[in-house]
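According to this note's numbering, the sequence shown is numbered sequentially starting from 19.
Right, one structure below, let's go through it.
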Amino acid sequence: MKLERIKLAGFKSFVDPTVVHFPSNLVCIVGPNGCGKSNLIDAVRWVMGESSARLLRGESMADVIFNGSANRPPVSLASIELIFDNSDGRAGGEYAAFQQIAVKRQVGRDGQSVYFLNGTRCRRRDIQDLFLGTGLGPRSYAIIEQGMIARLIEARPDELRLFLEEAAGISKYKERRRETEERIRHTRENLERLDDLRWELDKQLARLERQAELAARYTQWRAEEVRLDLALKALRWRALEHERQELQRRLVQDESALAAIQSEIQSLDAEISVRRSEHRAAAERCHALQGQLYGIEAEIARAEQSLRFAGEERRRYEAELARLEQELAQSKQQIACDNERLGELAQALAEAGPALECAEAALVETLASLVTWEADLKRCESEWEAYNRAAAKPLDEANAERIRLAALEQTLEQARVGLKRIEAEWAQLADSGLSDALEDLSKQSAALEIEVVALSAERTAVHASRERCEAELRALDESLDQVRTQIREHKGRLASLRALQESALAEYGQPDQSWLKARGLDRAPRLIESLEVESGWEEAVESCLGAALTGVLVEDLDEVLEGAEDLPPGLMLCERVGREVETPYPGDGLGHCVRAPWPAGMVIGAVRTVEHWRAALAARRDLEANARWVTPEGIEVGCCWIRVPARAERGGMIARAEAIAVLESALATLLEQESGLLHAQQTQLAARADSEQRRRTLEAAIAAREREQARLQAELRAVQMHLDHQTKRRQTLVDERARLEAQMASTQSALAEARTRLADRLHQVERVREQLGSLEEQRARLRMRLAEGRAVERTQRDQVQALRIRIESKRAAQASLQESQAQLIGRQAQFMIRCAELRADLDAGESPLAEQRAHLETQRARRHEIEQMLIAAHQERDRLEAEVRRHEGLRQQLEQQMQSSQRALEALRLEHQERLVRQHALEEQLAAADAHPQKILQTLDRQVTETEINERLSKVRGRLQRLGPVNLAAVDEFKEQAARKAYLDTQYEDIVRALHTLEQAIRAIDRETRQRFKETFERVNQSFQSLFPRLFGGGQATLELADANLLETGMMVMARPPGKRNTSIHLLSGGEKALTAVALVFAIFELNPAPFCMLDEVDAPLDDVNVGRFCELVRSMSDRVQLILVSHNKQTMEIAQHLIGVTMHEPGVSRLVSVDVEEALRLAGQSG
């Protein structure tokens, strides 16, 4: 895998699209300082995923984009692409088959980076995964930038380990291990949640099981309730059927009685019809006679009316005749009176004519005098108006001066008021106290600022305390996780050991637990739990004691067995002893190896110990009676027998008991640690809560102070504005006062002049008014005389008018009387003619009246005769009507009987219908339950009653009610939750297996990591020890591990150049550090060479001798590794196969110049 070329565009100083080719394994990049050589190194690191702008010599990621120059604008995008030759297939995974691999990164001004792999957009992680294990990376040992040599050799041990891990190819294992640990952590969390869920489901299943049992009983009793309810409905249906049949029988009887009544009613209806016909005939005769009577009475009325009309007409004629005769006499008398009045009027008219003529003559004289007087008055008024006009001009001028004087006085008063106002405002501004307020506000603001600073400092301290609490909590969480993991492991191990122990003890037989429980011995300790056995002899003691190990320790055998009749099989009780029982053992007796609260010597007192069963077999002839040998393995040898214990069945019970005791003690210790950690955690949580509460309180206080400070600042600004305003206002008041004072001076001068002019004008007005006075008196006299003449003229005119009116009224009265007299004479003639006509009419109307009176008497006799006939007809009609009423009364009685029968019948029908409806309702209810009343009645005992069924039904319903709320879905829920529980149990087992698999993977990764790291360290150390003397011309160097844990240990560099005995790498010079770092890097490269190596001015601190050694090593390394050097040293340039020059002809813009050294030498040789 070889770097072929780099494509740059817009990256730092490479603004134009630039392609850097690397045609050979040894390329040197040269150029003056600041021309952009190191930008090529930064470009490679950046495209490989470097995310720190600081390490790229910038402040933000956007700083890698060309930011413009004097002649070029900035660009918006930076792009770098690395093209690798992968013909050797070194790239792992799916990219091994690609002949060429292109890695590209772009970034815009927004700082968002985009990655491409072979033209396909990808993640930064994909780029890093591609180079994992190859030695390449943004911070790997393959790219050594300026200053990195010193940092590399002085790096911390854990930082140096990263280079070795990359060289060993275990960085990807480390990443996988981290991912696996993350999965394990998530798996454990899921396992805990799943365990909690299973525990919750267990509780739910227990509850649902009870609810399901309750639901089953409810269903059973509910079915019994339904059966009894159906039986009760069937019995009610049968009772209703009996009642309905009885009602049907009564309906038939009542309908027969109703038919008989209806027949009688029909007979009476026929009789009533006959009587009604006769009654109608009689009524018609009555109506006919009544009609005749009405006709005669009408004729009589007409005759009487004609007689009354004729009499009234005669009386009216006579009255009118008398009235006319009276009016005729009155008219004659009126004519005589009118003649007298006409004479009087003629005389009055003759007297009024001369008086009117005299009055008219006096009026003419008066009018002539008035004309003369009016002419005199007009002449006088003309003279007065001329003088008045002459006096108006000085008067107007005087009025104008008065107005001007009033205006000036008002202006002067306004100026005085303005000055008073200015004085008052000046005093108010002087006493405003704004300066004091400004000083107070400034002090308050400064005090608040101090409080805010103090509170901010306290908040910082509280934040630091909270951070410490967080760190402590994280540490406690980790400790708790570790302790809980150990607790789970101990509990699992303890449960397994206890299960094995119980299984082993069960092989000896177990006594009846109920017998032990009845005596409170079910939890009493066993002998095996109280034994203390010398190490190595556990199996021997176990083999000898056998079933005694299961013995139950008691305090007093007599007390325990008091009253016991039968002892259960397999029972062994061991009585405790208050002190050790002195049992003599032989020197090699097994009893010396056992300590117990029970005299075990009674069982093993004759047992002697021996190291090997062959020695026991040889010495068996010397054994006493009942004595035997036992080996540490538990093999027993008697005088004539040997027994080998079945260890596979029960072996190691005592050791297991001791292990259980140790685990229980350790578990108790761990539980105490967990309790202590939990208490510490609660303490830290409380402290964190207190810190958080204090932080909130401080932030609230700071916010309140800041708000108060902002308010004070606003008030300060407002007060300052008021002060500025006051200053401006004072200046304005000074200017205004000067203006008003000047205005008052000019106004007072103008007032004096106006008063002088007013006095002159008033003097002129007085002279004119004296002349007007005489004219005013003359005009008054003339007006008075004219007024008196006009009054005389009005009086004379009124007299003339009155005389004229009186003459005209007399003449009108004379004409009216003459006209009235003519009318009276005409009316007299008419009255006389009408009187003659009335007398003739009265004489002609006497004979018709006698004929009308005779006809009236005849009609009255006929009326009496018809009245007698009408009375007889009425009597016959009344008799027939009484007969009809009698028959109708009988019919009404029958109708009442019929209605009563009908109502009773209708009630029976309704009752019958009610029974029928209730029967149908019961049938529908039974049909809804898929039942029929007849079939149900067939299954019932004939003697059973509704009361019995009701009682049984009440009992069942009482049971159902006592059950309370029942979850009928509990059965299905129980099945569903049980299935879910089984599924979760399966999941739990799967997760446990997965966890076990992950832990095995972690162990496998750790084994592989240890092995590879150890091998890599040894090989790199060996190579480093050989390269160091080559670069220094002697001396020695080595790599040392900081710890024995190969998974986490760091790495230290120990170097001693020739002739030096330094104790620390930091004592080396800069050049020595550089050569040591080069030796280390090349040692790593010899083990796991990266596809290429970039060295940026590594030779800068070296002298010529060391540069020569460095160049020699570089030349030899270039056979296996592609080396890209950045250098200013001529010796380094001479060894390069290809030179790339970087120049900056245009300020801020880098360009390339490429030189093939071998070709240049060849051309130079040819020209030489």
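C-beta atoms are modelled at their ideal positions from N, C-alpha and C, and glycine is treated no differently.
Residue i versus residue j - alpha carbon distance
i, j, result
"Glu476", "Leu494", "26 Å"
"Pro92", "Val125", "14 Å"
"Thr649", "Glu682", "30 Å"
"Cys487", "Arg1021", "34 Å"
"Val82", "Glu1026", "40 Å"
"Val572", "Trp533", "14 Å"
"Glu431", "Met762", "9 Å"
"Arg235", "Ala945", "26 Å"
"Ala277", "Trp255", "33 Å"
"Ile967", "Glu906", "59 Å"
"Arg1074", "Ala1108", "28 Å"
"Gly313", "Arg320", "10 Å"
"Val435", "Ser764", "16 Å"
"Asp708", "Glu485", "13 Å"
"Ile353", "Tyr335", "27 Å"
"Gly844", "Glu855", "18 Å"
"Ala8", "Arg747", "A question about residue 8 goes unanswered here, because the residues of the chain that appear run from 19 up to 1186."
Cβ-Cβ distance between residue i and residue j below 8 Å
i, j, result
"Gly1068", "Arg179", "yes"
"Val1160", "Lys30", "no"
"Thr205", "Ala1019", "no"
"Leu466", "Gln727", "yes"
"Leu1131", "Arg1048", "yes"
"Met66", "Gly155", "yes"
"Asp1117", "Ile59", "no"
"Glu172", "Ile1083", "yes"
"Leu311", "Leu888", "yes"
"Thr384", "Gly807", "yes"
"Lys122", "Ile161", "no"
"Glu315", "Arg881", "yes"
"Thr1094", "Leu1086", "yes"
Beta-bridge pairing of residue i - partner residues as DSSP gives them
i, result
"Ala1073", "Ala1055"
"Met66", "Note: Met66 sits in no beta bridge, so no partner."
"Met1112", "Ile161, Ile1142"
"Leu135", "Val121, Thr138"
"Glu99", "Lys25, Lys122"
"Val38", "Ile24"
"Thr1161", "Arg1169"
"Ile83", "Phe29"
"Cys487", "Its beta-bridge partners do not exist; DSSP assigns none."
"Cys9", "Outside the shown range of the chain, which is 19 to 1186, sits residue 9, and nothing can be said about it."
CB contact below 8 Å: residue i versus chain B
i, result
"Ala833", "Chain labels in this structure do not include chain B; a single protein chain is all it has."
Beta-carbon contacts of residue i that lie in its chain and below 6 Å, excluding the five residues immediately before and after
i, result
"Leu148", "none"
"Leu835", "Asp356, Arg359, Leu360"
"Val1139", "Phe1103, Pro1107, Cys1111"
Cβ neighbours of residue i in the same chain (closer than 8 Å, five flanking residues each side left out)
i, result
"Gln796", "Cys398"
"Ala257", "Glu964"
"Arg857", "Leu339"
"Arg597", "Its pLDDT being 46, under 50, Arg597 is placed unreliably by the model, and nothing is read from it."
"Lys396", "none"
"Glu600", "With a pLDDT of only 47 at Glu600, under the threshold of 50, the placement of this residue in the model should not be trusted, and no figure is reported."
Contact set for residue i: own chain, Cβ-Cβ below 7 Å, skip 5 residues either direction
i, result
"Ala300", "Ala891, Glu894, Arg895, Leu898"
"Ala705", "Cys487"
"Gln943", "Lys251"
"Ile188", "Thr1027, Arg1030, Phe1031"
Runs of 4 residues minimum, wholly inside the region 936 to 970: which ones carry the alpha helix (DSSP H) assignment? 951 to 957
Any chance you could list the alpha helix (DSSP H) runs of at least 4 consecutive residues sitting entirely within the region 321 to 385, in chain order? none
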